[in-house]
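To keep things clear, I will list the structure first and then write my remarks on it.
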Amino acid sequence: MSEPIVTTPLRERASNALRDRFLHEALDIATTKFIALRREAFGDFPQGEALRDRARAIKEATLQRLDAHLETLVANVERVGGHVHFATTAEEARRIILDIARRTGARMAVKSKSMATEEIHLNDALEAIGVTPVETDLGEYIIQLAHERPSHIIAPAIHKTKGQVAELFSRELHRPGLAADPEVLTKIAREELREKFLQADLGITGANFAVAETGTVVLVTNEGNGRMTTSLPRVHVAVMGVEKVIPSMTDLAVFLAILAKSATGQKLSVYTTLVQGPRRPGELEGPDEFHLVLLDNGRIAQIAGPLRESLYCLRCGACLNVCPVYRQIGGHAYGYTYPGPIGILLTAMLNGPASVKDLAHASSLCGACADACPVRIDIPKMLIELRRQVDEERIAPWPERVVFKAFAHILAHPVLYRLGARIGRTLQRPFVRDGRIRALPSFFGQWTRTRDLPPVAARTFQERWRDRS
Ligand code: SF4
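Going by numbering that gives the first Met the number 0, the residue at position 111 of the sequence shown is 110; the numbering climbs one at a time, nothing skipped.
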């Protein structure tokens, strides 16, 4: 189980985010660009829709025989000289990695971007035993310097403007007066990081996929840091959720065809790195040791649970870019490792439904996420399911439960509905201004605090219908 990253209530986090002008500027530019690029990429790719169906079918079929595919993966990773570890919890995963670090005498670890290592809060644990973790993905490097957490699944520093990054680099890297020029800033990051790759003893990565039939771990990156992380340090540790296994190389081709298009609108990401065990005799590059950590952390329980479909997720980030809530409040306001619509489901998976009693409502259920998702995950359906669970398990506050129960009862009984409309019309009179209700008293004011309420119509549809017939 992972801890919440912030402890202030969601309402306060969201309000703060809504007031942050820089956050809006950065989010607006980045998400608008991602949406357009994705649309263009699929617009030029007529096979895209069929491949999305195929990818979804592969994910479902793999989940149905997950144990068998994992067994094949383990056998094949070991066949090529790798070691496989199974971690039931985040704590166990941390312990496994720390043991490897201690045994190999590691002092520095370079990391390529990995949400799985964020999920298990690995950096803090490494620091606690004297191993310096260095993020080498540019976005991750930025947020590590800023002592923050990623706010997007594929673009961790999406919440920062280039001006903010220039200030940060000037301050943290002692290079005063840097211009807000992405090319200059990238060059500086590259200079800083090159040395670290050469000094590091440990390379830590996530994995986009692991191919069972060959024991291959697949990394999809744009910066080449994944290749350096997997080939320069003497030990490579890959951390991966168990659901990332896929049966074959043919399946991999299907996912690669849609992943980058969904994420960044590219035909393919710049680097697709295939790792098969440690360096073999005669090879010049590669680590002495390769370890694959297979992480459960609540995933396996959901194979038969209401959040099963969220195990299809490729972590492309497309659902975040199109979500009207994410686009307003950004990733940090969600408060946990995984932001956005899929993040709510993953948070519930990792931390239980009580962790999302508020977040489950942070969605308009507009369905944009499901439309954008390359594997067509029905996120709104599962959010509704979570809301039901939060209600049934009495996690929601009692006034909310009572009001919604009463409302459901009224909607299900026509006589009560008609009576309610008449009473509502009378009671609302003091509050209607210019055809809207902008403020309600007491508990009901929670609703109108952030949005208007349409008033009960002067004549309901049923009354008008009756008059016409
Ligand atoms: S739910 Fe779908 S759209 Fe969202 S990150 Fe996962 S694969 Fe991408």
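Ideal placement from N, C-alpha and C gives every residue a C-beta, glycine not left out.
Under a three-way DSSP split, which group does I409 fall into? As a first step, residue 409 must be located in the sequence shown, where it is residue number 410. Three-state DSSP puts I409 in a helix.
Restricting to Cα atoms, I'd like to know which of L345, T263 and I343 is closest to N320. By one-based count along the sequence shown, residue 320 stands at place 321. Here the closest residue by C-alpha is T263.
Is R428 near the ligand SF4, going by C-beta to nearest heavy atom under 7 Å? As a position in the sequence shown, residue 428 is number 429, starting the count at 1. Because no heavy atom of the ligand SF4 lies under 7 Å away, the Cβ of R428 does not count as near it: no.
Mark K32 as exposed unless 16 or more other C-beta atoms lie within 10 angstroms of its C-beta, in which case mark it buried. Translated into positions along the sequence shown, residue 32 becomes position 33. Under this definition K32 is an exposed residue.
Given that a residue counts as buried once 16 or more other Cβ atoms are within 10 Å of its Cβ, and exposed if not, what is A178? Here the question's residue 178 lines up with position 179 in the sequence shown. That one is exposed.
Expected contact under 8 Å - CB spacing of E139 and P149 to nearest Å: Within the sequence shown, numbered from 1, the residue matching residue 139 stands at position 140. Within the sequence shown, numbered from 1, the residue matching residue 149 stands at position 150. That pair is a contact at about 7 Å.
Whole-angstrom distance between L345 and A16, CA atom to CA atom: For the purposes of this step, residue 16 is identified with residue 17 of the sequence shown, where counting begins at 1. For the purposes of this step, residue 345 is identified with residue 346 of the sequence shown, where counting begins at 1. Going by the C-alpha atoms only, they are around 22 Å apart.
Starting from the C-beta of P286, find all residues in its chain whose C-beta is less than 8 Å away, skip the five residues before and the five after it, and write them out in chain order. What you label residue 286 is simply residue 287 of the sequence shown in a count that begins at 1. Excluding sequence neighbours, P286 sits near G202, T229, S230, P232, R233, V234, H235, P277 and R278.
Would you give the residue range spanned by the alpha helix (DSSP H) that K110 belongs to? Within the sequence shown, the letter at position 111 stands for residue 110. Taken as a continuous stretch (DSSP letters only), K110 belongs to no alpha helix (DSSP H), being part of the beta strand (DSSP E) at M107 to K110.
Starting from A395, trace the beta strand (DSSP E) in both directions and tell me its first and last residue. As a first step, residue 395 is located in the sequence shown; it is residue number 396 there, counting from the start. Per DSSP, A395 belongs to no beta strand (DSSP E) and is neither H nor E.
Please tell me whether, using a cut-off of 7 Å, the distance from the CB of C315 to the nearest non-hydrogen atom of the ligand SF4 is below it. Translated into positions along the sequence shown, residue 315 becomes position 316. The answer is yes for C315.
Taking one C-beta from the region 145–159 and one from the region 121–129 each time, how about it: are there three or more such pairs within less than 8 Å? no
Return the CA-CA distance between L385 and P352, expressed in angstroms with no decimal places. As a working note, residue 385 is residue 386 in the sequence shown. As a working note, residue 352 is residue 353 in the sequence shown. Using only the alpha carbons, I get a separation of about 7 Å.
Any idea what DSSP makes of P352, helix, strand or coil? Within the sequence shown, residue 352 is the residue found at index 353, counting from 1. Helix, per DSSP.
Is the beta carbon of A13 closer than 8 Å to that of I328? Counting from one through the sequence shown, the residue named residue 328 turns up at place 329. Counting from one through the sequence shown, the residue named residue 13 turns up at place 14. The answer is yes: Cβ separation under 8 Å.
Can you grab the Cα-Cα spacing for the pair N224 / A438, in whole Å? Counting from 1 along the sequence shown, the entry for residue 224 is found at position 225. Counting from 1 along the sequence shown, the entry for residue 438 is found at position 439. Computed Cα separation, rounded: 53 Å.
Looking at the ligand SF4, does it come within less than 7 Å of S261, judged from the CB to the closest heavy atom? Position 262 of the sequence shown, counting from 1, holds the residue named residue 261. Indeed, a heavy atom of the ligand SF4 lies less than 7 Å from the Cβ.
Spatial neighbours of A367 within its chain, please: C-beta separation below 6 Å, excluding the five flanking residues on both sides. By 1-based counting over the sequence shown, the position of residue 367 is 368. Correct list, in chain order: V321.
So what does DSSP say about A237, is it helix, strand or coil? The sequence position of residue 237 within the sequence shown is 238, counting from 1. Three-state result, A237: strand.
In the region 177–264, which residue ranges form an unbroken beta strand (DSSP E) of at least 3 residues, counting only runs that do not cross its ends? 201–204, 208–210, 215–220 and 234–240
Compute the minimum distance between the beta carbon of I373 and the heavy atoms of the ligand SF4, and state whether it is under 7 Å. Here residue 373 refers to the residue found at position 374 of the sequence shown. According to the sequence provided, residue 373 is Pro. The question's Ile does not apply to it. Correct: P373 has its Cβ closer than 7 Å to the ligand SF4.
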